[in-house]
Amino acid sequence: AQSVTQLGSHVSVSEGALVLLRCNYSSSVPPYLFWYVQYPNQGLQLLLKYTTGATLVKGINGFEAEFKKSETSFHLTKPSAHMSDAAEYFCAVTESGGSNYKLTFGKGTLLTVNP
Amino acid sequence: DGGITQSPKYLFRKEGQNVTLSCEQNLNHDAMYWYRQDPGQGLRLIYYSQIVNDFQKGDIAEGYSVSREKKESFPLTVTSAQKNPTAFYLCASTTSGGFNEQFFGPGTRLTVL
Chain A
1 AQSVTQLGSH
11 VSVSEGALVL
21 LRCNYSSSVP
31 PYLFWYVQYP
41 NQGLQLLLKY
51 TTGATLVKGI
61 NGFEAEFKKS
71 ETSFHLTKPS
81 AHMSDAAEYF
91 CAVTESGGSN
101 YKLTFGKGTL
111 LTVNP
Chain B
1001 DGGITQSPKY
1011 LFRKEGQNVT
1021 LSCEQNLNHD
1031 AMYWYRQDPG
1041 QGLRLIYYSQ
1051 IVNDFQKGDI
1061 AEGYSVSREK
1071 KESFPLTVTS
1081 AQKNPTAFYL
1091 CASTTSGGFN
1101 EQFFGPGTRL
1111 TVL
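Listed in order, the protein sequences are those of chains A and B.
Note that this note's numbering has the first sequence beginning at 1, numbered continuously upward.
Note that this note's numbering has the second sequence beginning at 1001, numbered continuously upward.
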């Protein structure tokens, strides 16, 4: 069975500061990993994904994440926060080669950006 | 433009009434999903369908029903048996043979009065 833990349900940063959102996963097979962003009362939008290959993946809006197998982590970072980054962020995992295409989501981290 | 549409955006119903939420996609995706979102609980899978005329229960299927008569459509009915139906409902889809990333609709906020 696969699972995702997002450390910190709420993260607050100042505008221009580093953003670090933590995600740890559990999977019995090599995982595919995803970060999604959700703005209030909207659907989820894919930020980035790791499937195979390079472990540092870059996404939209200046975000990136690094897959660390030894730490079972996939933390999301952005060097300089912008007010428009304020949203809820979800980490998700699925099993590579799986046949049911199901994603398991973390409970989310709400990012607040202070001026 | 390809995408997923959910209607309506906001829905109000009286307790004891069944209500159907619409989800349509024109992405030619095989698999479709329904999630329920409550504050602080992330997304919980209600039902999913990998092909037409077939669907499986997710983690919280009790009190819900679905159908998949067309590839493009996956409506969700919230029945009176659902004890706490007020929530934000999200529909998603993905293509088979890919990396399983799911594409989401804008959601429907259901309030039961």
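Cβ coordinates follow ideal geometry from the N, Cα and C atoms, glycine included.
| Query | Result |
| --- | --- |
| Can you tell me which of the three DSSP states S1067(B) falls into? | coil |
| Quick check: the region 85-96 of chain A against the region 1071-1083 of chain B, are at least 3 beta-carbon pairs closer than 8 Å? | no |
| Would you say Q2(A) lies against chain B (beta-carbon separation less than 8 Å)? | no |
| Mind checking if N24(A) is an interface residue toward chain B, Cβ cutoff 8 Å exclusive? | no |
| When you compare only the Cα positions, how much space is there between N61(A) and L20(A)? | 14 Å |
| My understanding is that Y101(A) touches Q1050(B), with C-beta atoms under 8 Å, so please give their C-beta distance in whole angstroms. | 7 Å |
| Measuring only the C-alpha atoms, how far is Q38(A) from L47(A)? | 10 Å |
| List the residues of chain B that Y101(A) touches, going by C-beta distances under 9 Å, in chain order. | D1030, A1031, Y1033, Y1048, Q1050, T1094, T1095, S1096, G1098, N1100 and Q1102 |
| For H75(A), report the span of its beta strand (DSSP E) as first-last. | S73 to K78 |
| Check I60(A) in the structure and name its three-state DSSP category. | helix |
| Step through the CB atoms of chain A and report whether any lies within less than 8 Å of the CB of P1085(B). | no |
| Skipping 5 residues on each side, what residues in its chain have a beta carbon closer than 6 Å to that of S1096(B)? | D1030 |
| Answer with yes or no whether the minimum CB distance from T51(A) to chain B is below 8 Å. | yes |
| Is S76(A) near A65(A), with beta carbons less than 8 Å apart? | Checking the sequence shown, residue 76(A) turns out to be Leu, not Ser. Yes, these two residues count as a Cβ contact at 8 Å. |
| Within 10 angstroms of the Cβ of V57(A), are there 16 or more other Cβ atoms? Answer buried if so, exposed if not. | buried |
| Within 8 Å (strictly less), CB to CB, does R1013(B) reach chain A? | no |
| Output, in chain order, the set of chain A residues within a Cβ distance shorter than 8 Å of G1107(B). | N41, Q42 and G43 |
| Candidates K1009(B), N1028(B), T1111(B) and P1008(B): which alpha carbon is nearest F1083(B)'s? | Phe is not the amino acid found at residue 1083(B); the sequence shown has Lys there. Of K1009(B), N1028(B), T1111(B) and P1008(B), the residue nearest in Cα terms is T1111(B). |
| Excluding the five sequence neighbours on either side, which residues of its own chain have a C-beta within less than 7 Å of the C-beta of F1012(B), listed in chain order? | T1111 and L1113 |
| When the Cα atoms are used, what is the spatial distance from F63(A) to G1107(B)? | 24 Å |
| Tell me whether S9(A) sits in a helix, a strand or coil according to DSSP, three-state version. | coil |
| Going along the chain, which residues of its own chain have a beta-carbon closer than 6 Å to the beta-carbon of S1022(B), five neighbours each way excluded? | S1007 and P1075 |
| Using a Cβ cut-off of 7 Å, pull out every chain A residue sitting near G1040(B), in sequence order please. | S9 and K107 |
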